[in-house]
Each structure stands twice: as C-alpha cells, then as structure tokens.
Amino acid sequence: MLSKRLKQAGVHLLAIFAGLIMVIPVYLIVVNSFKSKADSSSMSAALPAAWHLENFATVIRVGKLATSFINSVVYATGSTIIGTLFAAMAAFVLSRNRTRFNRFLYFFIILGIALPANYFTLTKVMQITHLINTGVGMIILYAAGQIPFGVFLIYGFLDTIPRELDEAAIIDGCGPFQLFFQIIAPLLMPVLVTAAVLSFLGAWNNFIMPLYYLNKSADWPMTLSVYNFFGRYQQNWNLVSADILMTILPVIVVYFAAQRYILSGMTIGAVKG
Amino acid sequence: MSLRRHYPFYFTLGALVLYLVFMIIPGVSGIAYSFTDWSPYTTKVNFIGLENFKTIFAANQNYLLFIKNTFIFTIVTIVLKTVLGLALALLLTEGVKRMAYFYRMLIYLPVVLPMLAIALIFRSILNPATGFLNTALRGIGLGILAQKWLVDPHIALYSVIGVDTWAGVGYIMVILVAGLQSVPREYYEAAEVDGAGFWAKLVWITLPLMMPAIIIVTVLNLLYALRVFDVVYALTQGGPGYATDVIYTAIFQQFSQGLWGVGTAFSSLLFVFMGVLGYFVIRLMDRGQARE
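Spelled out as structure tokens, the structure:
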C-alpha cells in the first residue's frame, strides 16, 4: 500500500514537472510584461517590484496594436467563416454522392494537407487577382489553406449522420440548400465548431503569409507587428513581453473555452486517418 | 432519386476554386517556371533548361546544406517528439490516476500558441549571459551545462530543434493518448498474470498495438518539419552563418533577393517530393478504411 502511494506521488511529481516546463515561458511573459525596463532585461521569474501597467498603454500606442488586433480578428474570423462553410458544403456532396469522380475529388483535395506552398508563383496569382497587399487577400489565402483539412475532418463526421434523414427531407420537398443548411448543418455542429476553432487559431497564429504578402503596416496582423516591434525594441523586454502577451491572450482564452473541441479535432483527424 | 439533383456539384465549387487557384495552380505552374530565369525585375522569361537545378545541386552552393539541415531537423524532431510524447502519454494514462486532464491541458498549451511568440520568448530564455535557462542551470549547480544555445554554430540547430519539440510534443502526446486508450485492457491483465513487467508490456503489447498511431504521428511530424519556417526564422533567421537555415528560410531569402528562378525550382522539388509522399499516405489511409 505504501509503495503504491509512493509511486503515485512519484508520477505526480513527474507530471507536475512536465507541466511546469510547459508553462514557465508563458509565466515569464506575464510577470515581465509588468516590470520596468531595467528589471525585465534578464526576463527573470521574480515578481515585479512595482506593477507597471502603463507598459500596455505604451505598447498599444507605439506598436499601433489596436489596428493590428482588429486586423487579426477580421482575418481570422473572415477566413474561418468562408473556409468552414465551403469545406462543409464540399464535404457534404462528396460524402453523400460517392461517384468515382467524387471520390477522386475528395482524395485530390485532401492531398493538399501534404502540399507545400510555392510562394513565388503564389505571388503571381496574388498579383493577377489583385489580392496582394490587401486584407481580403489574407482572408482568401487563409480560407484556401484550411480547405483540405476542413474537408477531411467534416467528411469523416458525415458518416455518422444517417442518410434516411436526407431521404425523409427530400420526400418532404427540401431542396439542396434547405437540406444542407436546415437539416444537416445543425447535426454537423460539433465538427463544425472544431473545424472553425482550429481554423481561427491557425489564421491568428499565421506569420508567413503576411510576411510575404502584406507590405503596409496598417494591414499587419498581430504576429507580424509583434515581430517588427521586437526588431525595434529588443532592449525593452517589458514592452516586448506586453506585446507578446496581447498576442497570445486571445489564443489562451479560446483554448480554455474550446479545449474540448480542439482536442477532439486533433484526435479525430489523426486517429480516423 | 437522383443523387446529382439533391447533392449538386456546385456545392463543391467554393472549396474547389480556392484550392485550385491558391494551391494547385501555383504548385504546378511552379514546376514550369523552374526551367526559366524569371525574376521580379524583368517581364521577359527565358527558358534555361536545367540550369536552376544544376545550381541547387552544385557543390559550391549552400542548397545541399539547407536540405541537410532540414533533414536533421525532421529526423531529430520526429524521434524526440515521438519518444517524449509516448513517455508523457504513458505518464498520463498509466501513471497518474487523478488530475490527468489538468496535466494534459498544461502540456498541450504551447501547441495552440503562435510559434512566432514562442520563438521570441525563447530568444530571451536561451540568451547565453542573462537567459532563464543558463541562469537556472547555474542556480542548481549545473553551470557546466550552460551553452551559447543559439550563438554556437555547432549547437544552434539542436537548440531550435529543442524549442520546436517543446512546442509540439503536446500535440503528439494527445494523439498517442487516444491510441493508448484503444489498447484493450485484457492484454495487460493477461500479461501481468504471466509476470510481465513495465518494459515487457511496453515492448510486446503497447508498441505493436500502437503502430497505427505511431505511423500517424510520424507522418504529421514529417509533413510539418519539411515545411518548417516560423520557429527557425524567428529564433535565428537561419544563422549563425547558415548553421540553422532550412529549405523554407532559404526560400524566403531567395524571394527577398529576387532569385525567383532558383527559388521556384527549389520549391518545386519539395512540392513534387511531398506530393508523392502525400499520395502514398492517402493510399495507406484508403486501404485502412477499406479494411474496416
């Protein structure tokens, strides 16, 4: 009995240690974002001697964070709505009407999960479509990027919704739009939320697309503006920390609110595959 | 009833158009542009045959180094994330009896954070003189382990790998936990009756039955690592020298310098390689589904 308890204590210590290692960097950002410039220079774990709330005001003013924050919200929300809607509609038809051609189309789309971007020719496409250096361009790029995984995730879930439901609705005179939006979409809600949350986080965290395709600082999302802020204020770790904290705070909020959906999406996607 | 009428093809058009225009067309036209000298400065595009590929594979260029760094990054992160992810998964399913959900939540947290923010935080943590890591090591009397993490060209790539593993191990752990939970308990009970210990059960039951999950995490890690950019770019920008430059950081430099011909050829090599890889992964999955 005693050895069992000792063993439990041991494994809990290990688990706490692992958890601490994962949280320490976030903790360092939080405490240092409230310190003075001198105190934050070594990014130590000590609590601030005095709480400098004005760091946040400074960062928002100097780093023009209000604009970037709104940009990030707009890009992530817009691309999530478009991408999830298109992926769901496509997955619905490809899954319900499994002709040889539609099966090919499904595999062709999910091949996109593996395909890397070619940023040179993509530049050309962005120029031709007049989307380069625009916020709309970001929304479209992020939406396109989430299509393959979104179709994969939703296609798998559609098998759990009985076809008899479709048949009943069709006999009652439902057209395709009514059938999809009023009958099927509500039942798809769990997987749609998962797809949407993952898509939102992916767009919010994305750094490479704006780096290539946004030249005006007024269009930058949080990630790119944090990076440029860091370039100018490397010596002010308190301000950099405050800036990073404001970038990761929405992500952490979404994570705690929606972790059930995030974890299920990650495992469904992988285990089903 | 007519399936075509109730499940109309135009429902797929939104997804299909976005996918074709922004992923397939750039990828495939890139293969054609690989044989040209196009650049952002001229409108004239000349066919130059295999010149770009000769440049990439020339001994006096750095492209082979970038490929080598990408492979080291890929192989080491696959091994580290799988081994540590499995260890954590075992700890949280077989080890702790209570609070497993809480620990899992903490360990998964870095996965959802922007890689860019993580890399900037670690630039401070890995600072040789004042960083948290070296300070902590000196504090517990392990000062000899303190390194110039991101500055020493021999260590820098492994430091980047370490940060990337820290950020990604929670993802792998979560998938492996799901895999572990699908192993029937009776197998362990039977083995215990036969006197099997922890390692025997791990080697003879857990690992063989977890193979599908392990293959999946390997594929996921592979697809991520070959395309890695953010963590390297924000931690070292490929430096010191070219010590940590991977394929996608090199491509960004070529993009900025207007070397679009070679850059496209380089991107297209990866596009074809990952396309073939993706094809086999899908074949594998398709067979898995057919068997069900």
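Chains as they are written, first to last, in our numbering: chain E, -4 to 268; chain F, 181 to 472. Virtual Cβ for every residue (Gly too), placed ideally from N, Cα, C. Only a predicted model underlies this, so the values are computations on that prediction, with no experimental measurement involved.
By Cβ distance, which residues of its chain are closer than 7 Å to S447 (chain F), with the 5 residues on each side in sequence left out? Within the second sequence, numbered from 1, the residue matching residue 447 (chain F) stands at position 267. G210 and I431.
On the three-state DSSP scale, how would you describe T155 (chain E)? What you label residue 155 (chain E) is simply residue 160 of the first sequence in a count that begins at 1. Here DSSP, grouped into helix, strand and coil, assigns T155 (chain E) to coil.
Please confirm if W440 (chain F) has its CB atom under 8 Å from at least one CB of chain E. Working through the second sequence from its first residue, we reach residue 440 (chain F) at position 260. Yes, contact with chain E.
F227 (chain F) - DSSP class collapsed to helix/strand/coil: As a working note, residue 227 (chain F) is residue 47 in the second sequence. Three-state DSSP puts F227 (chain F) in a strand.
Against chain F, does N113 (chain E) count as a neighbour if the rule is that its beta carbon must be under 8 Å from one of theirs? Residue 113 (chain E) sits at position 118 when you count from the first residue of the first sequence. Among the CB atoms of chain F, one or more fall inside 8 Å of the CB of N113 (chain E).
Supposed close pair Y283 (chain F), L272 (chain F) - CB separation, criterion 8 Å: Position 103 of the second sequence, counted from the first residue, corresponds to residue 283 (chain F). Position 92 of the second sequence, counted from the first residue, corresponds to residue 272 (chain F). Cβ atoms of Y283 (chain F) and L272 (chain F) come within 8 Å of each other, at about 6 Å.
DSSP beta-bridge partners of T216 (chain F): As a position in the second sequence, residue 216 (chain F) is number 36, starting the count at 1. In DSSP, T216 (chain F) forms a bridge with F:F227.
Where F(-1) (chain E) sits in the DSSP three-state scheme: Indexing the first sequence from 1 puts residue -1 (chain E) at position 4. Looking at the sequence provided, one finds Lys at residue -1 (chain E) rather than Phe. K(-1) (chain E): helix per DSSP, three-state reduction.
Residue from E:F224, E:L89, E:L1 and E:P245 whose Cα sits closest to the Cα of F147 (chain E): Taking the first residue of the first sequence as 1, we reach residue 147 (chain E) at position 152. Selection E:F224, E:L89, E:L1 and E:P245 evaluated against F147 (chain E) yields E:L89 as nearest (Cα-Cα).
Identify every run of the beta strand (DSSP E) within the region 190 to 264 of chain E, keeping only runs that are complete inside it and at least 3 residues long; order them along the chain. If we require 3 residues or more, the region 190 to 264 of chain E turns out to have no beta strand (DSSP E) run fully inside it.
At a cut of 8 Å, does the region 285 to 303 of chain F reach the region 195 to 212 of chain E through at least three beta carbon pairs? Inter-segment contact for the region 285 to 303 of chain F and the region 195 to 212 of chain E is present: three or more beta-carbon pairs are separated by less than 8 Å.
In whole angstroms, what is the alpha-carbon distance linking T72 (chain E) and V192 (chain E)? Here residue 72 (chain E) refers to the residue found at position 77 when the first sequence is read from its first residue. Here residue 192 (chain E) refers to the residue found at position 197 when the first sequence is read from its first residue. Between T72 (chain E) and V192 (chain E), the C-alpha separation is close to 10 Å.
Counted within 10 angstroms of its Cβ, other Cβ atoms place A198 (chain E) as buried (16 or more) or exposed: Your numbering for residue 198 (chain E) matches position 203 in the first sequence. It is buried - the Cβ of A198 (chain E) has at least 16 other Cβ atoms within 10 Å.
Report yes or no: do the region 169 to 176 of chain E and the region 112 to 128 of chain E share at least 3 C-beta pairs separated by less than 8 Å? Two segments are said to touch when three or more pairs of C-beta atoms, one from each, lie closer than 8 Å; by this definition the region 169 to 176 of chain E does not touch the region 112 to 128 of chain E.
Segment contact flag, the region 14 to 30 of chain E with the region 232 to 248 of chain E, C-beta cutoff 8 Å, min 3 pairs: With a cut-off of 8 Å, the region 232 to 248 of chain E and the region 14 to 30 of chain E count as touching, because enough Cβ pairs lie within range.
With I204 (chain F) as the anchor, note down where its alpha helix (DSSP H) starts and where it stops. As a position in the second sequence, residue 204 (chain F) is number 24, starting the count at 1. Counting along the chain, I204 (chain F) falls outside any alpha helix (DSSP H), and DSSP gives it neither H nor E.
Take M465 (chain F) and list the residues in its own chain whose beta-carbon comes closer than 6 Å to its own, dropping the five residues that flank it on each side. What you label residue 465 (chain F) is simply residue 285 of the second sequence in a count that begins at 1. Here the set comprises nothing.
Under 8 Å between C-beta atoms of Y166 (chain F) and F409 (chain F): Examination of residue 166 (chain F) is not possible in this model, given that chain F is present from 181 through 472 alone.
Please name the residue, chosen from F:R185, F:T222, F:G419 and F:N242, that lies closest to V340 (chain F) on a Cα-to-Cα basis. As a working note, residue 340 (chain F) is residue 160 in the second sequence. Out of F:R185, F:T222, F:G419 and F:N242, F:G419 has the C-alpha closest to the C-alpha of V340 (chain F).
Measuring straight from C-alpha to C-alpha, what distance separates A109 (chain E) and R303 (chain F)? The residue labelled residue 109 (chain E) in the question sits at position 114 within the first sequence. The residue labelled residue 303 (chain F) in the question sits at position 123 within the second sequence. Taking the straight line joining both Cα atoms gives about 30 Å.
In terms of alpha-carbon separation, which member of F:Y187, F:V461, F:T444 and F:G458 lies closest to T235 (chain F)? For the purposes of this step, residue 235 (chain F) is taken as residue 55 along the second sequence, with counting starting at 1. The residue with the shortest Cα to Cα distance from T235 (chain F) is F:T444.
Tell me whether E472 (chain F) sits in a helix, a strand or coil according to DSSP, three-state version. Counting from one through the second sequence, the residue named residue 472 (chain F) turns up at place 292. Because E472 (chain F) carries a pLDDT of 39, less than 50, the predicted location of this residue cannot be relied on, and no value is offered for it.
Amino acids of chain F, ordered along the chain, whose beta-carbon sits closer than 8 Å to that of W215 (chain E): One-based indexing of the first sequence puts residue 215 (chain E) at position 220. Here the premise fails: no neighbours, minimum Cβ distance about 12 Å.
Check whether L306 (chain F) and L322 (chain F) have beta carbons under 8 Å apart: Locating residue 306 (chain F) in the second sequence gives position 126, counting from the first residue. Locating residue 322 (chain F) in the second sequence gives position 142, counting from the first residue. Taking 8 Å as the Cβ cut-off, L306 (chain F) and L322 (chain F) do not qualify as a contacting pair.
Does the Cβ-Cβ distance between S67 (chain E) and M217 (chain E) come in under 8 Å? Working through the first sequence from its first residue, we reach residue 67 (chain E) at position 72. Working through the first sequence from its first residue, we reach residue 217 (chain E) at position 222. Yes, they are a contact pair.
Counting only Cβ-Cβ distances shorter than 7 Å, please list the residues of the region 317 to 339 of chain F near chain B, keeping chain order. Although the question refers to chain B, the structure presented lacks it and instead comprises the protein chains E and F.
Does the beta-carbon of P388 (chain F) have 16 or more other beta-carbons within 10 angstroms, so that it is buried, or is it exposed? By 1-based counting over the second sequence, the position of residue 388 (chain F) is 208. Exposed, since its Cβ has fewer than 16 Cβ neighbours within 10 Å.
Find the residues of chain E that neighbour V201 (chain F), judging by a C-beta separation of less than 7 Å, and give them in chain order. Locating residue 201 (chain F) in the second sequence gives position 21, where the first residue counts as 1. Under the 7 Å cutoff, chain E gives V120.
Comparing alpha-carbon positions, which option in F:G438, F:R463 and F:G455 lies nearest T223 (chain F)? Along the second sequence, one-based indexing puts residue 223 (chain F) at 43. Closest in C-alpha terms to T223 (chain F), from the list F:G438, F:R463 and F:G455, comes F:G438.
Compare the C-beta of V248 (chain E) against all C-beta atoms of chain F and say whether one is closer than 8 Å. By one-based count along the first sequence, residue 248 (chain E) stands at place 253. No - not a single Cβ of chain F is within 8 Å of the one on V248 (chain E).
Could you list the residues in the region 40 to 64 of chain E with a C-beta less than 8 Å from some C-beta on chain F, going in chain order? Near chain F, meaning a CB-to-CB distance below 8 Å, the residues of the region 40 to 64 of chain E are A40.
Alpha-carbon spacing of K2 (chain E) relative to A376 (chain F), whole angstroms: Here residue 2 (chain E) corresponds to residue number 7 of the first sequence, with the count starting at 1. Here residue 376 (chain F) corresponds to residue number 196 of the second sequence, with the count starting at 1. Distance from the CA of K2 (chain E) to the CA of A376 (chain F), rounded to the nearest whole angstrom, comes to 18 Å.
What do you reckon, are the CB atoms on F29 (chain E) and H47 (chain E) nearer than 8 Å? Translated into positions along the first sequence, residue 29 (chain E) becomes position 34. Translated into positions along the first sequence, residue 47 (chain E) becomes position 52. In contact: F29 (chain E) and H47 (chain E) (Cβ atoms closer than 8 Å).
Quick one: does I394 (chain F) have its CB under 8 Å from some CB of chain E? Against the second sequence, residue 394 (chain F) aligns to sequence position 214. Chain E, which has no Cβ nearer than 8 Å to the Cβ of I394 (chain F), makes this no.
Residue of F:E274, F:T216 and F:F251 minimising C-alpha distance to Y368 (chain F): Against the second sequence, residue 368 (chain F) aligns to sequence position 188. If we check each option's Cα against that of Y368 (chain F), F:E274 comes out closest.
Mind checking whether S36 (chain E) and T310 (chain F) have CB atoms under 8 Å apart? Taking the first sequence and counting its residues from 1, one reaches residue 36 (chain E) at position 41. Taking the second sequence and counting its residues from 1, one reaches residue 310 (chain F) at position 130. Going by C-beta atoms, S36 (chain E) is nearer than 8 Å to T310 (chain F).
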